[in-house]
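Asks: Numbering (the working numbering), first residue to last: 3 to 429. Each residue gets a CB set at the ideal place from its N, CA and C atoms; glycine is no exception. Mind having a look at this structure? Questions to follow.
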RNA sequence: GUGGGCGUAGCCUAGCGGUUAAGGCACCUGGUUGUGGCCCAGGAGAUCGAGGGUUCGAAUCCCUCCGUCCACCCCA
């Protein structure tokens with residue numbers, strides 16, 4: 003309940019797992035967004051924004067009906083017309099839908115797209131985990147070559163680098179495709195079927211739902227079995243093995259270091275071949291700040307011609323969390339430059355006009371609060387951190403002048419109203 | 001969904017069964033006639049997360065709920 007029950011007036015607060023982005027955090031958001039846009043553009047990606055909600059079936063089919071995300075984390079609802087809709091739990095399905103809907107097959111392939119948009123998951127919140135969070139995502143659709151996997155990984159690594167994040171590591175794996183994975187999953191099943199009594203309760207559930215996840219278990223007792231389990235990378239079909247080898251040599255060429263993580267599995271059903279995950283330096287429970295992979299079957303699953311795709315999503319809130327942890331300095335946003343103080347009714351009216359003139363000259367200006375003494379107005383100006391106070395009283399009005407006070411050193415001079423704009427510009 | 005810590009003004013904290021809940025920061029005003037930052041004085045701001053219970057009496061004890069943080073699950 004976002005509304006607290008009370009006797010009289012109840013106060014509202016943000017719904018669980020959501021947060022306000024306050025002005026003091028704006029430098030971070032701005033920095034991350036602008037850096038992301040710059041890097042994406044540099045790689046030839048163009049922005050796309052899709053609706054925050056879509057037909058529920060898009061996610062059920064795309065992400066996979068058996069996954070945790072779809073099974074228990076999707077915000078799903080019926081609108082007043084009876085349509086079944088869902089808040090997007092991730093970004094890729096929307097973009098693929100848009101690719102099909104707008105006939106992007108007829109554009110030069112691959113189509114390179116990015117977005118910065120909110121996603122929603124009904125999950126229990128904790129540090130770095132929210133019910134609404136923002137992902138910067140990238141999708142390259144229409145090219146199955148490993149080269150494009152290398153490209154999106156390079157893009158994401160460049161993004162973190164441009165942000166100034168240190169100590170990021172990349173985990174990389176190939177989970178095969180429809181030609182080789184089913185056989186592997188079968189061998190895994192038969193391996194575990196004789197040893198089910200030796201694994202944890204969670205793994206017994208995983209055995210039914212998604213045996214691949216058993217390899218990812220952190221439970222002590224499951225480790226020996228994991229160590230002995232068949233390894234997927236040994237059983238990739240030739241095309242998958244070649245794809246993976248090509249990707250690795252391309253990453254080597256780019257001097258992007260990575261750790262091959264045979265146990266790395268992702269939460270969506272649509273991944274094929276390449277999967278990867280970037281982890282921040284600081285060990286927290288939220289071990290991933292960006293992750294993605296290849297999804298060669300997804301477009302077809304959504305009703306299109308077989309079309310390969312690859313991409314990633316990276317959590318902006320987690321990026322900011324790590325920027326703060328690492329004390330990465332943010333570019334400061336400019337403060338208001340001029341505070342127009344006024345000392346009489348007439349001066350108050352004149353100050354409105356004066357402030358407009360400054361703003362039309364692209365100088366940020368605020369007008370002092372009504373009913374405040376000059377002392378209070380200057381104190382106010384000081385608290386706001388403005389550079390100049392423009393003082394307007396009857397004396398100034400009579401002469402068509404304004405008193406300009408430099409708040410850094412307290413120096414004052416009077417100048418004609420018409421010279422104020424020039425007087426407060428860069429200097 | 002599971003387990004645990006925490007919830008006193010915008011923020012940080014004191015009070016831990018007994019008169020009108022205390023302090024710091026921030027905010028507002030004033031320290032005479034038109035001037036900031038330091039200092040001084042004053043002011044406003046809290047039904048002590050919400051609801052219920054125990055008690056002559058509860059911010060203080062008990063229960064429920066909500067929120068938050070941490071861990072698990074999962075994930076960005």
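(1) Helix or strand or just coil, what does DSSP make of residue 43?
(2) Just to check, is the beta-carbon of residue 119 closer than 8 Å to a non-hydrogen atom of the ligand FMN?
(3) Alpha carbon to alpha carbon, how far is residue 207 from residue 193?
(4) Do residue 272 and residue 303 have their beta-carbon atoms positioned less than 9 Å apart in this structure?
(5) Does the Cβ of residue 24 have 16 or more other Cβ atoms within 10 Å, making it buried, or fewer, making it exposed?
(6) So which of 121, 141, 80 and 124 has the shortest CA-CA distance to residue 100?
(7) Along the chain, where does the alpha helix (DSSP H) containing residue 226 start, and where does it finish?
(8) I'd like to check one pair, residue 114 with residue 46: are the Cβ atoms closer than 9 Å?
(9) If residue 423 sits next to residue 373, beta carbons under 8 Å apart, how far is it from one beta carbon to the other, in whole angstroms?
(10) Mind checking who residue 86 pairs with in its DSSP beta bridge?
(11) For residue 345, count neighbouring Cβ atoms within 10 angstroms of its own Cβ and tell me buried if that reaches 16, exposed if not.
(12) Under 9 Å, do residue 86 and residue 80 count as touching if we go by C-beta distance?
(13) Give the straight-line distance between the Cα atoms of residue 389 and residue 370, rounded to the nearest whole angstrom.
(14) Looking only at its chain, what residues have a beta carbon closer than 6 Å to the beta carbon of residue 215, apart from the 5 residues adjacent to it on each side?
(15) Where residue 111 and residue 132 are concerned, what is the direct C-alpha to C-alpha distance, given to the nearest angstrom?
(16) So, with DSSP's three-state summary, where would you put residue 135?
(17) Quick one: any contact between the segment 151-168 and the segment 249-256, if contact means 3 or more CB pairs under 8 Å?
(18) Can you give the Cα-Cα distance for residue 33 and residue 316, rounded to whole angstroms?
(19) Are residue 171 and residue 246 touching if we call contact CB-CB under 9 Å?
(20) Determine the extent of the beta strand (DSSP E) in which residue 175 is found, giving its start and end residues.
(21) Rounding to the nearest angstrom, what Cα-Cα distance links residue 237 and residue 68 in this structure?
(22) Taking only the alpha-carbon atoms, compute the straight-line gap between residue 72 and residue 231 and give it to the nearest angstrom.
(23) Quick check: the Cα distance between residue 292 and residue 411, rounded to an integer number of angstroms?
Replies: Taking the coordinates as given:
(1) Residue 43 sits in a helix when the DSSP states are folded into three classes.
(2) The ligand FMN is absent from the structure shown, which contains no ligands of any kind.
(3) It is roughly 16 Å from the alpha-carbon of residue 207 to the alpha-carbon of residue 193.
(4) Result yes, Cβ atoms of residue 303 and residue 272 sit closer than 9 Å.
(5) The residue is exposed, with fewer than 16 neighbouring Cβ atoms inside 10 Å.
(6) The shortest Cα separation from residue 100 among 121, 141, 80 and 124 belongs to 141.
(7) Residues 225-230.
(8) Contact flag set, yes.
(9) 27 Å between Cβ atoms; not a contact.
(10) Answer is 80.
(11) Residue 345 comes out buried.
(12) Yes, they are a contact pair.
(13) Roughly 14 Å between the two C-alpha positions.
(14) So the qualifying residues of the chain are 208 and 267.
(15) So the two alpha carbons sit approximately 35 Å from each other.
(16) Reduced to three states, the DSSP call for residue 135 is strand.
(17) Contact between the segment 151-168 and the segment 249-256 is present, because at least three Cβ pairs lie under 8 Å.
(18) Here the alpha carbons of residue 316 and residue 33 stand approximately 15 Å from one another.
(19) No, the Cβ-Cβ distance between residue 171 and residue 246 is not below 9 Å.
(20) Run containing residue 175: 171-176, per the beta strand (DSSP E) assignment.
(21) Roughly 24 Å between the two C-alpha positions.
(22) Per the coordinates, the alpha-carbon of residue 72 lies some 28 Å from the alpha-carbon of residue 231.
(23) Their backbone Cα atoms lie some 47 Å apart in a straight line.
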